[in-house]
Amino acid sequence: KVLKGKPVLRVTFHEITPHAVGEAFKHGREFDHKMIEAQVGRRVLDRIVGYFLSPLLWKKIARGLSAGRVQSVALKLITDRERQIQAFTPQEYWEIIAELFKPKVSGESNFIAKLQKIGDKKAEVKSKEDAEKICGELQGKQFKVLEIRKTQKKRYAPAPFITSTMQQEVFNKIRFNASKTMLIAQQLYEGIDIGEDNPVGLITYMRTDSPHVAPEAILEVREHIARSFGKDFLPEKPNTFKVKKSAQEAHEAIRPSYVSRAPESLKNFLNHDQYRLYQLIYNRFLASQMNPAEFLATSVDIAADKYLFTASGSHLLFEGFLAAYSNKDEDEGDQEEDNEKEKSGNLIPPLEQGEILGLNKLTPSQHFTKPPPRFSDSSLIKALEEEGIGRPSTYAPIIYTLILRDYVRRIKGYLNPTELGFKVCDMLVEYFPKIMDVKFTALMEEELDEIEEGQLTKEKVLEDFYAPFKVSLDFAQANIKKEVITSDQVCDKCGKPMIVKWGRRGKFLSCSGFPACKNSKSIGSGVKCPLDGGELIERRSKRGFFYGCSNFPKCTFTSRTLPEEKEGQ
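With my numbering, letter number 358 in the sequence shown gets 361, and the count goes up by one each step, no holes.
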């Protein structure tokens with residue numbers, strides 16, 4: 004009514020700078036109705052699942068719980084991983100390390116080699132007795148160089164950040180969880196007071212799944228690289244990176260708005276966390292447009308009778324992008340990078356085929372196979388992305404909600420499912436197996452993308468989803484009964500049995516005579532308070548769960564973990 008038929012255009016910009024905003028208003032565009040349809044379809048799907056499934060959880064378990072189309076699948080990934088860990092049986096194995104040296108050479112020439120084969124079979128040493136027997140047989144044997152292999156390798160620059168890779172890398176390097184990362188990124192995007200007339204947006208939009216970079220930004224960063232690092236570090240053509248089919252090309256990668264604003268120049272205007280995140284985004288962007296790092300990898304096969312040892316080492320030939328962005332601080336690097344780090348610490352002296360080596364010592368080393376690790380924020384986001392589930396804007400809220408509902412607790416940086424999380428997941432899997440299926444959820448994401456591409460209509464997608472969902476919903480509503488978990492305790496007010504319930508503050512005991520009797524009490528942990536011998540009880544505050552003494556306020560002992568847990572870790 005206000006516009007009275009005047010054309011309405013959409014203005015988009017990815018960085019809050021005078022130039023970007025000005026250019027955006029010069030190039031307004033028509034509304035993309037297919038994109039709107041896809042978003043409406045996504046919202047309706049999410050509401051169908053959330054609005055109908057959450058009340059079922061209230062009916063069976065407790066009020067205040069929630070289910071979600073992507074949230075619940077993420078919970079299933081976490082609980083499935085926990086069950087793998089619980090079912091895992093460690094297997095003992097031994098490694099045999101030979102410390103060798105090059106005779107008649109002045110200076111340090113020691114290096115290590117690992118036993119790889121016995122005869123023509125892979126070495127499998129399963130006990131201390133086997134390891135000691137092999138070490139005994141190797142005493143006095145001649146260690147001879149059989150083959151030397153040298154390979155020049157390149158490690159290519161990483162793509163500039165998108166939302167998921169930023170969240171993963173920030174967790175790995177500086178241990179911010181996904182929600183904290185997005186909060187700080189939002190501050191950097193919206194603008195920081197750096198002593199100019201107005202706050203300045205320091206980075207581009209932080210919710211993106213595209214590594215695309217504007218041509219003018221590429222030109223600026225290439226000029227900076229040539230000036231600051233030298234032309235040897237600059238590739239002939241700008242580096243390009245693979246874009247996922249579902250990525251929104253209209254968005255850019257996460258990068259600094261101005262390459263001229265180096266992190267050091269802003270240190271006095273940013274708080275510590277803002278500085279660390281900005282530095283990571285800035286350096287990653289520089290690295291993304293630099294030449295690869297080059298290594299010389301050396302592998303040496305060494306024979307001692309029927310035993311074959313292999314020594315591996317590498318050294319850096321050309322720093323390339325590592326001059327701007329080192330991976331040395333990563334805690335969750337991939338296997339290839341871990342191997343590279345190990346090799347770089349093993350300096351192999353110049354050797355010749357047929358050369359006889361000296362033996363300093365043999366070291367048998369006991370190991371046990373390890374279960375898969377629990378998910379961290381970083382690895383869960385990576386798993387969701389690899390499975391094709393969720394969008395850049397949803398990763399942090401998913402983890403936040405799982406923790407808020409007490410389905411999951413973050414302990415020492417890892418996501419641990421709670422008893423409540425298992426119960427919710429198991430109920431949803433029993434009655435709604437399709438909703439909880441990773442592949443089905445990924446398929447729904449593909450269909451939502453196809454709405455945006457004009458290949459499907461939202462009506463078709465919603466109709467195909469709702470019909471079978473309604474069948475499962477009707478069955479669940481007819482068959483789900485409130486679960487009653489009894490306890491061995493009796494109500495001290497009316498004498499009726501106490502039962503276990505869940506509430507906003509976790510699990511507690513409630514009188515089975517409720518609502519006539521409203522007596523309730525906390526469930527003890529069975530662990531004594533180390534200060535006064537009272538029982539430690541699980542409590543909840545705004546900052547999460549903790550254990551407190553049952554004699555509070557006389558005793559103020561608190562701990563994030565049970566004392567026995569601390570001792571066993």
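A virtual CB, placed ideally from N, CA and C, is assigned to each residue, including glycine.
If you're wondering where the values come from, they're calculated on a predicted model, not measured in any experiment.
Following the continuous alpha helix (DSSP H) through residue i, name the residue where it begins and the one where it ends.
i: Gly32; result: Before going further, note that residue 32 is Arg rather than Gly in the sequence given. No alpha helix (DSSP H) contains Arg32, which DSSP labels as neither H nor E.
i: Val474; result: 461-482
i: Arg412; result: Counting along the chain, Arg412 falls outside any alpha helix (DSSP H), though it belongs to the beta strand (DSSP E) covering 411-414.
i: Cys428; result: 422-434
i: Phe288; result: 275-291
i: Cys138; result: 131-141
i: Tyr192; result: 181-193
i: Tyr159; result: No alpha helix (DSSP H) contains Tyr159, which DSSP labels as neither H nor E.
i: Tyr403; result: 398-407
i: Ser231; result: 218-231
Please identify the residue among the options whose C-alpha is closest to the C-alpha of residue i.
i: Arg45; options: Leu451, Ile284, Lys176; result: Leu451
i: Pro238; options: Pro353, Ser291, Asp308, Arg210; result: Ser291
i: Leu362; options: Asn113, Tyr159, Ala126; result: Asn113
i: Thr561; options: Asn554, Phe555, Tyr550; result: Tyr550
i: Arg264; options: Phe244, Val224, Gly233; result: Val224
i: Thr573; options: Glu456, Phe425, Phe548, Arg542; result: Residue 573 cannot be examined here, being either before or after the span of the chain that is shown, 4 to 572.
i: Lys499; options: Lys484, Ser513, Glu486, Gly506; result: Ser513
i: Gly416; options: Glu219, Ser381, Thr301, Glu449; result: Ser381
i: Cys532; options: Pro161, Ser553, Gln89, Lys545; result: Ser553
i: Ser490; options: Phe511, Phe472, Ala479, Asp477; result: Phe511
i: Ile401; options: Pro58, Ile284, Arg72, Arg546; result: Arg72
i: Ser329; options: Leu78, Ala90, Asp477, Pro161; result: Pro161
i: Asp49; options: Glu132, Glu111, Val76; result: Val76
i: Met293; options: Phe236, Asn349, Leu280, Lys245; result: Phe236
i: Leu383; options: Lys461, Gln369, Lys484, Arg413; result: Arg413
i: Tyr403; options: Gln74, Ser528, Phe288; result: Gln74
i: Asn349; options: Ile115, Leu446, Glu111, Lys442; result: Ile115
i: Gly67; options: Thr564, Ala327, Trp505; result: Trp505
i: Lys131; options: His370, Leu476, Glu449; result: His370
i: Ala41; options: Gly8, Ile165, Leu459; result: Leu459
i: Pro556; options: Pro566, Leu565, Gly537, Pro436; result: Gly537
i: Val477; options: Thr15, Phe55, Lys37, Leu118; result: This sequence places Asp at residue 477; Val is not what is there. Closest option to Asp477, Cα to Cα, is Phe55.
Since residue i sits in a beta bridge, which residues does DSSP pair it with?
i: Met169; result: Answer is none; Met169 lacks a bridge partner.
i: Phe146; result: Leu360
i: Pro500; result: Val493
i: Asp304; result: Glu150, Thr313
i: Lys270; result: DSSP output for Lys270 lists no bridge partner at all.
i: Glu637; result: The first residue shown for the chain is 4 and the last is 572, placing residue 637 beyond what the model contains.
i: Glu538; result: Lys531
i: Ser379; result: Tyr417
i: Lys125; result: Lys120
i: Thr82; result: Thr82 is not bridged to any residue.
i: Thr444; result: The partner list for Thr444 (beta bridge, DSSP) is empty, contrary to what the question assumes.
i: Cys514; result: Met501
i: Arg13; result: Arg32
i: Ser562; result: Tyr550
Just to confirm the assignment, what range does the beta strand (DSSP E) spanning residue i have?
i: Val73; result: Unbroken run through Val73: none, as it is neither H nor E.
i: Ser525; result: 523-525
i: Cys520; result: First-last for Cys520: undefined, no H or E at that position.
i: Gly551; result: 547-552
Compute the beta-carbon to beta-carbon distance between residue i and residue j, rounded to the nearest angstrom, for a pair I have assumed lies under 8 Å.
i: Lys144; j: Ala256; result: Not quite, the Cβ-Cβ distance comes to about 56 Å (not below 8 Å), so this is no contact.
i: Ile454; j: Val52; result: Not really, about 17 Å apart at Cβ, beyond 8 Å.
i: Leu205; j: Leu191; result: 5 Å
i: Cys558; j: Leu539; result: Wrong, their Cβ atoms sit about 10 Å apart, outside the cutoff.
i: His254; j: His17; result: 6 Å
i: Gln84; j: Phe378; result: The question names Gln, but residue 84 in the sequence shown is Arg. Going by Cβ atoms, the distance from Arg84 to Phe378 rounds to 6 Å, so yes, they are a contact pair.
i: Ala399; j: Ser213; result: Incorrect: roughly 18 Å between the Cβ atoms, too far for contact.
i: Val216; j: Pro163; result: 6 Å
Would you call the segment 347-359 and the segment 383-400 in contact, with 3 or more CB pairs under 8 Å? Not touching, per the Cβ criterion.
Quick one: any contact between the segment 421-430 and the segment 55-67, if contact means 3 or more CB pairs under 8 Å? At 8 Å Cβ cutoff, the stretches touch.
Flag this pair as touching only if the segment 148-159 and the segment 363-372 have three or more C-beta atom pairs under 8 Å; answer yes or no. Put simply, the segment 148-159 does not touch the segment 363-372. Fewer than three CB pairs are less than 8 Å apart.
Examine the Cβ distances between the segment 281-300 and the segment 308-328 and report whether three or more of them are shorter than 8 Å. Under the 8 Å Cβ criterion, the segment 281-300 counts as touching the segment 308-328, having at least three qualifying pairs.
Does the segment 404-418 come into contact with the segment 194-201, if we say contact requires no fewer than three beta-carbon pairs (one atom in each stretch) closer than 8 Å? Contact check between the segment 404-418 and the segment 194-201: fewer than three CB pairs, one atom from each, fall below 8 Å, which does not count as touching.
Any contact of the segment 374-382 with the segment 18-33, i.e. 3+ C-beta pairs under 8 Å? By the Cβ rule, the segment 374-382 does not count as touching the segment 18-33, because fewer than three pairs are nearer than 8 Å.
Does the pairing of the segment 83-102 with the segment 126-140 give three or more beta-carbon distances under 8 Å? Enough Cβ pairs lie closer than 8 Å, so yes.
Indicate whether the contact test is met: 3 or more Cβ pairs, each with one atom in the segment 259-274 and one in the segment 167-181, closer than 8 Å. Judged by pairs of C-beta atoms under 8 Å, the segment 259-274 does not touch the segment 167-181, as fewer than three such pairs exist.
Closer than 8 Å is the cut-off here; do at least three beta carbon pairs connect the segment 514-529 with the segment 479-498? Judged by Cβ distances under 8 Å, the segment 514-529 makes contact with the segment 479-498, as three or more pairs qualify.
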